[in-house]
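The next block holds one structure in the form of structure tokens; read it before the comments.
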Amino acid sequence: MRRVIVTTAGRPDEESFQLAKLVSEELNLQVVPRKKRSVAKLSEIYDANVIVAGKNRLEYYGKGSSTPFFFHPDTAAFRLKRLQRGETEPFLEACALQNGDSFLDCTLGVGSDSIVASYAVGEKGRVAGLEVDPVIAYIVRRGLKEYETADSDLKQAMERIQVIHGEAVGFLKRQPDESFDVVYLDPMFEQLIEESINFESLREVGSHHPLTEEWVREAYRVAKKRVVLKAHFRSTHFEDFGFERKVRLTSKFHFGVLGK
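FYI, the numbering for the sequence shown is 1 to 260, going by full-length UniProt numbering.
This is the structure:
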């Protein structure tokens, strides 16, 4: 993994300094004074990815990248609005989640799908999300707890999610049989999909793990009801691993279901 440093915003206030200090302590990273230098310059000097502690959020820049990763509920906010209006949600239809269910997201990323799942399973349910990159896990964990919104349903759904730093297959191997109702797989798409505002930045700094037979096998063992796969519509993963593809004619990605 590439080295990571922490710095402040370009014109830091006390809040920015304190946040940079806190992040450096919790992630055991070096704090580098900004000194009016650009993020790109700091990244070049230290040959590192850069976390910028701003006033209201953390931004994570891959080396040489001008597009930061940061926490945002992304598509989840308007997807919840649609659900509140009684509209359907393809992701939830594929997962068949019910109130009180448990849901394991093996590839949390920015957490949009997990937020929708958390809303669906409610207070009695459980949603856990795995993220192999420690910095992304940290940023998303903080974001889910601290993001400010007037939508109480969205806020509560975010706060209920448990973020776990760990690699999916290794984590699954440590779980008992049928310990989650639904196990969800959303490996980095083979082709860029622009439907998410944060996908490109996540792709630049995130870890990329291809779907494997072992991963699917362990997910199936751990799932009580089904395993759900999300992949690009051109992906052969559905057929390769035995998923029933749910075709969506107007979408660039499909869902696949491996039921029990």
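All residues carry an ideal CB built from backbone N, CA and C; glycine is no exception.
Counting C-beta atoms within 10 angstroms of its own C-beta, I161 has 16 or more neighbours from the protein chains shown and is therefore classed as buried.
N28 and L211 have their alpha carbons spaced roughly 31 Å apart. Looking from the CA of F69, the closest CA among L172, V116 and G109 belongs to G109. Within a 10 Å sphere around the beta-carbon of V247 sit fewer than 16 other beta-carbons, which makes this residue exposed.
Beta-bridge analysis with DSSP links D105 to G129 and Y184. The distance from the Cβ of V23 to that of I5 is about 10 Å, inconsistent with a contact at the 8 Å cut-off. If you draw a straight line from the Cα of V31 to the Cα of F238, it is about 44 Å long.
Taken in chain order, the complete beta strand (DSSP E) segments of 3 or more residues contained in the stretch 5–87 are 49–53 and 58–61.
Under the three-state reduction of DSSP, F171 is assigned to helix. In the DSSP annotation of this structure, H209 is not part of any beta strand (DSSP E), being labelled neither H nor E. A77 is positioned such that its CB atom lies no closer than 8 Å to that of R3. Between the alpha carbons of R234 and F91 lies a gap of roughly 18 Å. With a threshold of 16 other beta carbon atoms within 10 Å, T7 meets it and is buried.
By a beta-carbon distance limit of 8 Å, C106 contacts A168. Their separation comes to about 4 Å.
An exposed status is given to M1, since fewer than 16 other beta-carbon atoms sit within 10 Å of its beta-carbon.
Under DSSP, the beta-bridge partners assigned to R245 are G256.
For K145, the enclosing alpha helix (DSSP H) starts and ends at P134 to E146. Between the stretch 149–160 and the stretch 118–129, the count of Cβ pairs shorter than 8 Å is three or higher; the stretches touch. By the criterion of at least three beta-carbon pairs nearer than 8 Å, the stretch 138–147 is not in contact with the stretch 174–186.
Our two residues, V257 and R11, have alpha carbons roughly 49 Å apart in a direct line. Only exposed fits S251, as fewer than 16 other CB atoms lie within 10 angstroms of its CB. Taking the Cα of E25 as reference, the smallest distance to any Cα among V135, E89 and I115 is reached at V135. Nearest Cα to D151 within the set A20, P73, S65 and L172: P73. When only Cα atoms are considered, K260 and E14 end up about 54 Å apart.
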